[in-house]
Amino acid sequence: MSGTSFDIAVIGGGIAGLTAAHHAALAGVSVAHFVEDGLPGGLVMNVGALDGWPAAGPVGGAELAAGLLAQNEELGVTLVPSRIDTVAGGALKTLSGPDGAWRARQVIVATGAALGTLDVPGAARLAGRGVSHCAWCDGGLYRDAEVVVAGGGDAALSEAIHLGQFARAVTIVTRGETFRARRRYVSQVAGDERFRLRWASEIVEVLGGDGVEGVRVRDREAGSEEVVACRGLFVFVGLVPNAGLLGPEVARDASGFVVTDAAFETALPGVFAVGAMRAGYGGRLTQGVAEATSAAERAAARCDD
Ligand SMILES: Cc1cc2nc3c(=O)[nH]c(=O)nc-3n(C[C@H](O)[C@H](O)[C@H](O)COP(=O)(O)OP(=O)(O)OC[C@H]3O[C@@H](n4cnc5c(N)ncnc54)[C@H](O)[C@@H]3O)c2cc1C
Numbered sequence: 013m014s015g016t017s018f019d020i021a022v023i024g025g026g027i028a029g030l031t032a033a034h035h036a037a038l039a040g041v042s043v044a045h046f047v048e049d050g051l052p053g054g055l056v057m058n059v060g061a062l063d064g065w066p067a068a069g070p071v072g073g074a075e076l077a078a079g080l081l082a083q084n085e086e087l088g089v090t091l092v093p094s095r096i097d098t099v100a101g102g103a104l105k106t107l108s109g110p111d112g113a114w115r116a117r118q119v120i121v122a123t124g125a126a127l128g129t130l131d132v133p134g135a136a137r138l139a140g141r142g143v144s145h146c147a148w149c150d151g152g153l154y155r156d157a158e159v160v161v162a163g164g165g166d167a168a169l170s171e172a173i174h175l176g177q178f179a180r181a182v183t184i185v186t187r188g189e190t191f192r193a194r195r196r197y198v199s200q201v202a203g204d205e206r207f208r209l210r211w212a213s214e215i216v217e218v219l220g221g222d223g224v225e226g227v228r229v230r231d232r233e234a235g236s237e238e239v240v241a242c243r244g245l246f247v248f249v250g251l252v253p254n255a256g257l258l259g260p261e262v263a264r265d266a267s268g269f270v271v272t273d274a275a276f277e278t279a280l281p282g283v284f285a286v287g288a289m290r291a292g293y294g295g296r297l298t299q300g301v302a303e304a305t306s307a308a309e310r311a312a313a314r315c316d317d
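Read in the numbering used here, the sequence shown has 95 at position 83, and its numbers run on one by one without any break.
Here's what the structure looks like:
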């Protein structure tokens with residue numbers, strides 16, 4: 013299939029990419045959707061019940077992604093189970109990856125972001141042996157145990173609340189003096205003694221032999237350190253954009269997120285960026301879906317020119 017040309021290429025199999033491919037196909041143009049390893053879902057793949065998703069009842073991330081993928085197939089979207097490493101501009105853009113090269117008139121990049129890691133001693137060594145990024149996957153392993161969550165945003169608090177169903181105690185360590193999360197999450201953890209809150213603090217070491225046994229926490233104001241015993245550490249300390257496929261001509265903000273205009277077009281004409289990789293993204297699935305819809309319709313309209 014390498015070498016084929018399409019009207020629109022969508023890169024990234026998260027909810028923003030699935031939505032962009034969907035709306036481009038609804039507009040009646042030919043669409044290729046590049047989904048790394050053929051596995052859709054992205055950051056919400058393992059979230060068992062999505063918050064704020066407009067549906068008749070609870071929907072999981074994997075279920076939502078699988079449903080969109082199936083609908084896209086029916087609409088005639090060509091699924092390409094490949095990563096894309098570079099996007100070169102021009103009237104016809106060239107997308108290249110380990111499995112070949114493709115051409116497209118318009119490109120929508122929705123490659124999202126990766127969860128940030130803790131750059132402290134012990135964190136990498138104990139990854140997968142108590143250090144986790146997924147409460148929905150690993151929470152059940154910590155029934156009646158003590159766990160620590162690093163972070164203070166929506167993802168940290170929603171995952172901490174999920175862990176609260178299993179763990180005896182959940183200590184939340186946040187660098188800030190307040191949380192940057194939905195008020196509903198904040199009041200849930202503030203009013204429940206299972207949650208222990210460590211404000212203005214940071215984890216400086218993850219301790220343990222074959223598995224996590226504790227974390228060393230530093231109070232950022234006092235400078236004092238204390239060991240908090242735990243069997244699991246769940247890390248939600250921000251996002252790192254997956255933007256390496258775009259060249260230096262595409263502007264980034266100071267944290268590496270891709271800058272676009274109000275219509276989600278990057279500095280490379282005909283190349284759009286939507287969702288979690290974009291500077292100014294609101295962080296909610298519904299916002300990613302809105303961006304993807306808008307970019308897909310604009311890109312499809314260009315194909316009529
Ligand atoms: C733990 C957690 C829970 C959350 N829960 C909710 C919630 O309940 N409700 C809500 O509204 N929001 C929630 N969010 C936020 C939500 O996950 C994001 O806003 C949304 O998933 C972003 O979607 P995206 O498609 O832009 O990016 P992503 O989900 O990151 O998807 C990007 C995809 O692109 C792929 N990719 C990356 N690079 C390449 C490449 N070079 N070539 C091809 N493919 C590539 C990635 O593998 C990935 O599959 C949560 C976030 C986290 C971390």
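Cβ coordinates follow ideal geometry from the N, Cα and C atoms, glycine included.
Residue i and residue j closer than 8 Å at C-beta
i      : j      : result
Ala311 : Met289 : no
Gly164 : Ala202 : no
Ala308 : Ala32  : yes
Ala263 : Val252 : no
His174 : Ala147 : yes
Gly282 : Arg314 : yes
Ala285 : Phe276 : yes
Arg9   : Thr190 : This structure cannot settle anything about residue 9, because the visible part of the chain is limited to 13 through 317.
Leu245 : Ala162 : yes
Leu138 : Val224 : yes
Gly295 : Asp166 : yes
Ala28  : Ala291 : no
Val47  : Gly128 : no
Asp63  : Ser170 : yes
Val198 : Ser213 : no
Leu257 : Thr90  : no
Arg232 : Tyr154 : no
Val227 : Val247 : no
Gly26  : Gly124 : yes
Phe207 : Ala172 : yes
Gly15  : Gly112 : yes
Glu261 : Ala279 : yes
Leu104 : Trp114 : no
Near ligand 1: residue i beta-carbon under 7 Å from a heavy atom
i      : result
Ser108 : no
Arg194 : no
Asn254 : yes
Thr90  : no
Ser267 : no
Ser170 : yes
Val56  : yes
Arg296 : yes
Trp65  : yes
Ile184 : no
Asp150 : no
Leu62  : yes
Ile23  : yes
Glu48  : yes
Leu209 : no
Ala28  : yes
Leu87  : no
Arg264 : no
Asp97  : yes
Val59  : yes
Ala330 : Here the chain has residues from 13 to 317 only, and residue 330 is not among them.
Gly250 : no
For residue i: DSSP bridge partner residues
i      : result
Phe11  : Because the chain is modelled from 13 through 317, residue 11 falls outside the range shown and cannot be assessed.
Arg290 : Val270
Ser17  : Arg115
Val158 : Going by the sequence as given, residue 158 is Glu instead of Val. Its beta-bridge partners are Ala181.
Val283 : Val119
Gly325 : The chain is shown only over 13 to 317; residue 325 falls outside these bounds and no answer can be derived.
Thr298 : Answer is none; Thr298 lacks a bridge partner.
Val92  : Phe46
Near ligand 2: residue i beta-carbon under 7 Å from a heavy atom
i      : result
Gly176 : Of the ligands one can find in the structure shown, namely ligand 1, none is ligand 2.
Original post:
What are the uninterrupted segments assigned as beta strand (DSSP E) that are 3 or more residues long and contained completely in the stretch 186-266, given in chain order?
Top reply: Counting only runs of 3 or more, we get 207-210, 213-220, 224-231, 237-241, 244-247 and 251-253.
**OP:** Spell out a yes or no on whether the stretch 132-141 and the stretch 213-222 are touching, meaning 3 or more CB-CB pairs, one atom from each, closer than 8 Å.
**Re:** Yes, the stretch 132-141 touches the stretch 213-222.
**OP:** Pair every Cβ in the stretch 64-77 with every Cβ in the stretch 38-53, then say whether three or more of these pairs are closer than 8 Å.
**Re:** Contact annotation: the stretch 64-77 touches the stretch 38-53, with at least three C-beta pairs closer than 8 Å.
Original post:
Within the chosen definition, does the stretch 15-27 reach the stretch 109-127 through at least 3 CB pairs nearer than 8 Å?
Top reply: With a cut-off of 8 Å, the stretch 109-127 and the stretch 15-27 count as touching, because enough Cβ pairs lie within range.
**OP:** Just list the alpha helix (DSSP H) runs in the stretch 98-152, keeping only unbroken ones of 4 residues or longer that don't cross its boundaries, in chain order.
**Re:** Within the stretch 98-152, the complete alpha helix (DSSP H) runs of at least 4 residues are 147-150.
Original post:
Considering only residues of the stretch 16-86, which uninterrupted beta strand (DSSP E) runs meet the minimum length of 3 residues and lie entirely inside it, listed in chain order?
Top reply: Qualifying beta strand (DSSP E) stretches, in chain order: 17-23 and 43-46.
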